[in-house]
Every structure is written in C-alpha cells, then in structure tokens.
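K.L.:
Structure incoming, see below.
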Amino acid sequence: MIEKILIDGNGFLDRETKALISPLFNFLLDWEIRRSFRYQDFASLLILEPDKEPRDIKTLAELVSLIRRNIRETDIIGRLNGLRFGIILLAADLDGAYIMASRIMGHINNYAFSKEPQQRLNISIGGACFPTNSVDKDTLFQLAKEMLEEAHKRGGNTICLPHLIK
Amino acid sequence: MPMYYRENFNITYGINIAYMKEEIAPGIDFEHLFGHSQAMRKVGKVVQDVASTDVPVLITGASGTGKNLVAKAIHISSLRHNRPFVKVACMNIPSELLESELFGYEKGAFTGAYQSKPGRVEFANKGTLFLDEIGDIPLIIQGKLLRLLQEGEFSRLGSYRDIKVDIRIISATNRDLEIMVKEGKFREDLFYRINVINIKIPPLYERKEEIPFLIRFFQDKFCKEYNRPLVDISHECLSLLRQYNWPGNVRELENAIKRLVVLGEKVVIKELRERLKQNLETGQRDEYNLKKISKKASSDAQRRVIREVLEKVNWNKKEAAKILKISYKALLYKIKELKVDAR
C-alpha cells in the first residue's frame, strides 16, 4: 500500500486520518491516468463524504481505515478537503466502481464507530470512470464532484455514477 | 479559433504561425512539412482551413508521402490539440481483433475476456481518432464505425450499454476507396461519411523542389543519431538524388540518406545509377514497343465502345451483343477481360 511506503515520509499523510494529502493524491491521480492510458485500462475515481459531520475527529480516522479494508492494496485513498475523501480504483470500470462503492457504503452503514457507537454514519459517494466518462483528469474530478453533489441532493446515503443517473 | 492564433495568421502562406512553432513529430514542425514546395503549401492551407472544424478528413496519397504527419498536423492545429490523438494502424491489427481493439469489450464477451477493456475509441474521447489504412477495415466493423460517425455512440463487444463519445475522425489510405466501393469491399455510406474533406498528398516526384531540403534534414538527423561527421555531399550524388523518381517517396529518400550517412555516398551513387539506368531501359522499352502500344489502344477503344453501348441499352447484355455484332458469350468475356464496369 502506497500509504505504508510514505508513512515515514515528511508530511505526505494527513495527520488526522492517515490518508494521503490532497496535492499528492492529485499527483497520483494524474500519474495513474497516464499509466491507464498507456496500458489501455480503466481507472475510476470515487469521492466520498459523510452526510453529517461526525462528533469526534477520530471517527474520520476510523472511517479511512474502514475504507482501506474494503479496497484493494493497490487502490489509493486521499483526503481532499474537510470531510471529503477521494479513492482511485485502478483497473475498475463503472460496474467495478459501483460494486466497490456499495461494499464500502454497506460496511460503513453497519459499523459501530468507537466514539459514537449509538449512531450510524451515512455517507454519499460520487464517481466517474476513465476513459468512459473522460480522459482528462480535471474533467474526471469535476464529474465525480458533481456526482457527489447529486448524491447529497437525492437525500444522502446514495451512490451516484454517471451511467446510473441518466 | 482563439484570438491569439487568429492574430498570427500569415497571409502569404495561409498558415498559422503560432501553430507552426509546435512540433508535429520530433524535429519536424509546420515549416518543415508545408514550407518547402508549392504543392505542400496548398496542403498546409487546407490543413489550416479544416483544423478549426470537426469535419471528418480523408487523407490519401501513396505510401511514404507523410499522411501520418499531416493527420498529426490537423490535430495540433485544431481546438482539440490538448486532447488525445489516438492512432489506430488498421493494417497492423488482425481483423478478428480489430473490433475489440477499437471498441473494447466486456468481461466474458468471448473466451479469454477475463476482464473488461476499454477500446481506443474511448481513449480518443474529446480528441482525435486517426484511422490509418482505413481501407483494411473489414466490412462488419465498417458498420459499427458508421454508427460511431453518425450518432457518436458505440457499445463495447458483449455489452448492451451505449457509450457516447465526442471524437473527430481522420482517416488515411493509400488505396482507391472509390474502386473498393464499386467492388463491394468498402461501404458506400461510410465512404461518403469519412470523405467530407479529401486531402491528397502529392508524391515526392511532383514536389522535387523539396528534395534538397529533405536531404539536408535527414543528413543532420542521422549524423546526430549515428554520431557521424556531417560531410558535404558531392554534386554528382546530389544530382542523382534529384533525378531519381523516388517511387517509395520520402520514406525511400530517408532510407537512402541513412545509407549515405552510414556507408558513404559511393554506395548510394552506385545504387541510384543502376536504378536510373533500369528505369530508362524499361521506360524506353514500353515507350517504343509498337505491339504494346497498339494492344493498349485497341483495349481502350473497345472498353469505351462497349461501355457506351451498354449504357445506351440500360446494361441489357443481349441487346448490346446484337448492336456490337458479337455473340452474348463473347460480350461477357470482353466485359470481364477489359474490366468494363458501371460508373
């Protein structure tokens, strides 16, 4: 896992959650898109955000470790800003991304977080796939954000991917 | 076209100067490709005119004339220049694999499809898809390509889901697609779709004024590549290089200069002399051969008359045979032998 390689690095990881910091995540997204282009493969980007702000910051760290348990070793997770997290799913098309997103969501919905065991955490997920939705990193990011906003608009605790909302 | 580019439009050549600075291939910019002969300047002008639009372009010309570079030049000058330029060399991919390569496939679509794979068309989204040697595409795939051109959508092999894309298609071929259409080897509707703008690249013998520049360019290139000293080429060698007709076009000239740099000019002089002598002999042989001349003239005349009569009688061969005063069988034989076809 790339985070393990960088764990002793100087400031590559977010202190609170141990996810990658946003600039590094952006760099790796660009890198992986180039690599997928070269090897003619898919790569999907998911953006995930809790519908309500958790009471304790440690819940976020727990959330990241929970996500990490549900994704593959080669996938990348980063903290974009505030409560938003990005996940790069390598070699995953829209169907693969949906399966992964539902698995993450199901696990989080049923998980009792240690700092707030009585409350369940709801999350919304938006995503987009390279090259199906865009071959450009910025457009892909923008589309995934729009999908997340759409998920929030639909009442939260929802997964929105471009082919599902059409 | 962005304002910056519009302001830099060169009236003399009709070529956009801002774009001219960009490299089409390593060491080759617009000036190199379009700036050294009248014929190529005209091509350059068309490239600039079509670049800002999204119309499909068909580039034709003999092998080795630089069709690939012209396609790249169109992409670089277009508004899609910062988007992908995806080249598919149709002749290099076996026809059975071409469909999956172009359109991708879904997991389980065929034996060995263990996971889904995107096609090249998807990678060209918002950019340019360059189909090199489009004449080699089998008829079945031509139908799918037509749908892509008409509706801007396609589906992966083994998938029901349509994927919308926004791509510009540039195709190239050294074959005569019109003849292929007549022979039923190329879909007529696809031909008209891809042939909105036709750019014909002239062969090298029609733009011989470019040869001295090309010699210098390739000599520089290969001297650097093989770390050889740059030596002056003798007048004799230069004149032979100019005299020769280069049937393999720029690619053949490039290889000759490579040999010149590596083995020295004596080898090239010897080769060119032999070829020129051979050309002269075969040329003379054909030019003054009375038998060949009369046979060709007779065939041409017969072909013309047979077609004329057939057209008059609406291709009723029985009727035509009566008018031509030959048997029906003889007419069928003549049609086949002289390759008389409906235009």
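In order, the protein sequence lines correspond to chains V and L.
Residue numbers for the first sequence follow this note's numbering, beginning at 205 and rising by one.
Residue numbers for the second sequence follow this note's numbering, beginning at 728 and rising by one.
C-beta atoms are modelled at their ideal positions from N, C-alpha and C, and glycine is treated no differently.
In this text the structure is predicted, and so the values were computed from the model without any measurement.
Identify whether Asn230/V lies in helix, strand or coil by the three-state DSSP scheme.
P.N.:
On the first sequence, position 26 is the one that residue 230/V refers to. The answer is helix: DSSP assigns Asn230/V an H, G or I state.
K.L.:
Report the three-state DSSP secondary structure of Thr263/V (helix, strand or coil).
P.N.:
Counted from its first residue, the first sequence places residue 263/V at position 59. Note: Thr263/V maps to helix in three-state DSSP.
K.L.:
At a Cβ threshold of 9 Å, is Gly331/V touching chain L?
P.N.:
By 1-based counting over the first sequence, the position of residue 331/V is 127. Cβ-Cβ to chain L under 9 Å: no for Gly331/V.
K.L.:
What did DSSP end up calling Tyr315/V once you bin it into helix, strand or coil?
P.N.:
Along the first sequence, one-based indexing puts residue 315/V at 111. Coil, per DSSP.
K.L.:
Just to confirm my understanding: we take Arg307/V, look at its own chain, exclude 5 residues before and 5 after, and list those with CB closer than 6 Å. What are they?
P.N.:
Locating residue 307/V in the first sequence gives position 103, counting from the first residue. Hits under 6 Å: Asn274.
K.L.:
Could you confirm whether any beta carbon from chain V is found closer than 9 Å to the beta carbon of Ala851/L?
P.N.:
Taking the first residue of the second sequence as 1, we reach residue 851/L at position 124. Answer yes: the Cβ-Cβ gap between Ala851/L and chain V drops below 9 Å somewhere.
K.L.:
For a test of your reading of the model: does the CB of Thr362/V fall under 8 Å from any non-hydrogen atom of the ligand ZN? Yes or no.
P.N.:
Among the components modelled here there is no ligand, and therefore nothing to report on the ligand ZN.
K.L.:
Spatial neighbours of Ile1062/L within its chain, please: CB distance less than 6 Å, with the 5 preceding and 5 following residues excluded, ordered by chain position.
P.N.:
Within the second sequence, the letter at position 335 stands for residue 1062/L. Answer for Ile1062/L: no residue qualifies.
K.L.:
What would DSSP say about Glu963/L, mapped onto helix, strand or coil?
P.N.:
Looking up residue 963/L in the second sequence gives position 236. In the three-state reduction of the DSSP assignment, Glu963/L falls in the helix class, which pools H, G and I.
K.L.:
Hey, does Phe246/V have any beta-carbon neighbour from chain L nearer than 9 Å?
P.N.:
By one-based count along the first sequence, residue 246/V stands at place 42. Judged by the 9 Å Cβ criterion, Phe246/V is in contact with chain L.
K.L.:
Rounded to whole angstroms, what's the CA-CA distance from Asn285/V to Ile751/L? Just pull it up for me.
P.N.:
Locating residue 285/V in the first sequence gives position 81, where the first residue counts as 1. Locating residue 751/L in the second sequence gives position 24, where the first residue counts as 1. Roughly 40 Å between the two C-alpha positions.
K.L.:
With burial defined as no fewer than 16 other Cβ atoms inside 10 Å of the residue's Cβ, what is the status of Glu1035/L: buried or exposed?
P.N.:
For the purposes of this step, residue 1035/L is identified with residue 308 of the second sequence, where counting begins at 1. Exposed, by the Cβ-count rule.
K.L.:
Report yes if the C-beta distance between Arg986/L and Ala766/L is below 9 Å; otherwise report no.
P.N.:
Translated into positions along the second sequence, residue 986/L becomes position 259. Translated into positions along the second sequence, residue 766/L becomes position 39. Cβ distance not < 9 Å, so Arg986/L and Ala766/L don't count as in contact.
K.L.:
Using a threshold of 9 Å, state whether the C-beta atoms of Val268/V and Gly854/L are closer than that.
P.N.:
Counting from 1 along the first sequence, the entry for residue 268/V is found at position 64. Counting from 1 along the second sequence, the entry for residue 854/L is found at position 127. No, these two residues do not count as a Cβ contact at 9 Å.
K.L.:
Please work out which residues of its chain come closer than 6 Å, Cβ to Cβ, to Glu1046/L, disregarding the five sequence neighbours upstream and downstream, and give them in chain order.
P.N.:
Along the second sequence, read from residue 1 onward, the residue named residue 1046/L stands at position 319. Once the five neighbours on either side are set aside, the close Cβ partners of Glu1046/L are Val1040.
K.L.:
If you measure from the beta carbon of Arg888/L to each beta carbon in chain V, is any gap under 9 Å?
P.N.:
The residue given as residue 888/L occupies position 161 in the second sequence. Chain V, which has a Cβ nearer than 9 Å to the Cβ of Arg888/L, makes this yes.
K.L.:
Please classify Met730/L as buried or exposed, where buried requires at least 16 neighbouring CB atoms within 10 angstroms.
P.N.:
As a working note, residue 730/L is residue 3 in the second sequence. With a pLDDT of 35 at Met730/L, under the threshold of 50, the modelled position of that residue is not reliable, and the figure given next carries that caveat. Its Cβ having fewer than 16 others within 10 Å, Met730/L is exposed.
K.L.:
Report the CB separation of Tyr1055/L from Lys1044/L in whole angstroms; it is logged as a contact under 8 Å.
P.N.:
Here the question's residue 1055/L lines up with position 328 in the second sequence. Here the question's residue 1044/L lines up with position 317 in the second sequence. About 6 Å; that satisfies the 8 Å criterion.
K.L.:
Between Ser338/V and chain L, is there a C-beta pair that is closer than 9 Å?
P.N.:
Along the first sequence, one-based indexing puts residue 338/V at 134. By this cut-off, Ser338/V is an interface position.
K.L.:
How would you call Ser1021/L, buried or exposed, if buried means at least 16 neighbouring beta carbons within 10 angstroms?
P.N.:
On the second sequence, residue 1021/L is found 294 positions in, with the first residue counted as 1. That one is exposed.
K.L.:
Only counting the same chain, and skipping five residues up and downstream in sequence, which positions put a Cβ closer than 7 Å to that of Glu734/L?
P.N.:
Reading the second sequence from its first residue, position 7 is the one you call residue 734/L. For Glu734/L, the predicted model reports a pLDDT of 37, less than 50, meaning its position is unreliable; a value from the coordinates is still stated below. Excluding positions up to five away in sequence, the list is empty.
K.L.:
If you reduce the DSSP assignment to three classes, tell me which class Thr343/V lands in.
P.N.:
Working through the first sequence from its first residue, we reach residue 343/V at position 139. DSSP places Thr343/V in helix when its eight states are reduced to three.
K.L.:
Between Gly310/V and chain L, is the shortest Cβ-Cβ distance under 9 Å, so that the two count as touching?
P.N.:
As a first step, residue 310/V must be located in the first sequence, where it is residue number 106. No, no contact with chain L.
K.L.:
Rounded to whole angstroms, what is the Cα-Cα separation between Gln877/L and Lys256/V?
P.N.:
Here residue 877/L refers to the residue found at position 150 when the second sequence is read from its first residue. Here residue 256/V refers to the residue found at position 52 when the first sequence is read from its first residue. Spanning the two alpha carbons is a distance of roughly 46 Å.
K.L.:
Residues of chain L with CB closer than 8 Å to the CB of Asp297/V, please, in chain order.
P.N.:
On the first sequence, position 93 is the one that residue 297/V refers to. Residues of chain L passing the Cβ test: Ser843, Pro845.
K.L.:
Here's a check: name, in chain order, each residue in its chain whose Cβ is nearer than 6 Å to the Cβ of Lys843/L, leaving out the five neighbours to either side.
P.N.:
Numbered from its first residue, the second sequence carries residue 843/L at position 116. Position check: residue 843/L holds Ser in this sequence, whereas Lys was assumed. The residues are Glu833, Lys834.
K.L.:
Report the option in Ala899/L, Lys909/L, Arg943/L, Phe945/L whose CA atom is closest to the CA atom of Ile924/L.
P.N.:
For this step, residue 924/L is matched to residue 197 along the second sequence. It is Ala899/L whose Cα lies nearest to the Cα of Ile924/L.
K.L.:
Just the Cα atoms here: how many angstroms apart are Leu228/V and Ile251/V?
P.N.:
Here residue 228/V refers to the residue found at position 24 when the first sequence is read from its first residue. Here residue 251/V refers to the residue found at position 47 when the first sequence is read from its first residue. Using only the alpha carbons, I get a separation of about 16 Å.
K.L.:
Quick check: what's the CA-CA separation for Glu822/L versus Ile897/L?
P.N.:
Counted from its first residue, the second sequence places residue 822/L at position 95. Counted from its first residue, the second sequence places residue 897/L at position 170. Sequence inspection shows Ser at residue 822/L; the Glu mentioned does not correspond to that position. Their backbone Cα atoms lie some 20 Å apart in a straight line.
K.L.:
Determine the direct distance from the alpha carbon of Lys319/V to that of Lys222/V, and round the result to whole angstroms.
P.N.:
In the first sequence, counting from the first residue as 1, residue 222/V sits at position 18. In the first sequence, counting from the first residue as 1, residue 319/V sits at position 115. Each residue's Cα considered, the two are about 18 Å apart.
K.L.:
What residue does the beta strand (DSSP E) around Pro254/V start on, and which one ends it?
P.N.:
As a first step, residue 254/V must be located in the first sequence, where it is residue number 50. It spans 247 to 254 - the beta strand (DSSP E) in which Pro254/V sits, taken as one unbroken run.
K.L.:
If I follow the unbroken beta strand (DSSP E) through Glu1035/L, where does it start and stop?
P.N.:
Taking the first residue of the second sequence as 1, we reach residue 1035/L at position 308. No beta strand (DSSP E) contains Glu1035/L, which is instead part of the alpha helix (DSSP H) from 1017 to 1039.
K.L.:
In chain order, what residues of the same chain have a beta carbon less than 7 Å from the beta carbon of Arg791/L, not counting five sequence neighbours either side?
P.N.:
Within the second sequence, residue 791/L is the residue found at index 64, counting from 1. This sequence places Gly at residue 791/L; Arg is not what is there. So the qualifying residues of the chain are Gly975, Asn976, Val977, Arg978, Glu979.
K.L.:
By DSSP, does Asn274/V sit in helix, in strand, or in coil?
P.N.:
The count along the first sequence starts at 1 and reaches residue 274/V at position 70. Helix at Asn274/V.
K.L.:
If you follow the alpha helix (DSSP H) that Cys950/L is part of, which residue opens it and which one closes it?
P.N.:
Along the second sequence, read from residue 1 onward, the residue named residue 950/L stands at position 223. Looking at the DSSP string, the run of the alpha helix (DSSP H) that includes Cys950/L is 938 to 952.
K.L.:
Are Asp218/V and Arg283/V close, meaning C-beta to C-beta below 9 Å?
P.N.:
Numbered from 1 along the first sequence, position 14 holds the residue referred to as residue 218/V. Numbered from 1 along the first sequence, position 79 holds the residue referred to as residue 283/V. Yes. Within cutoff.
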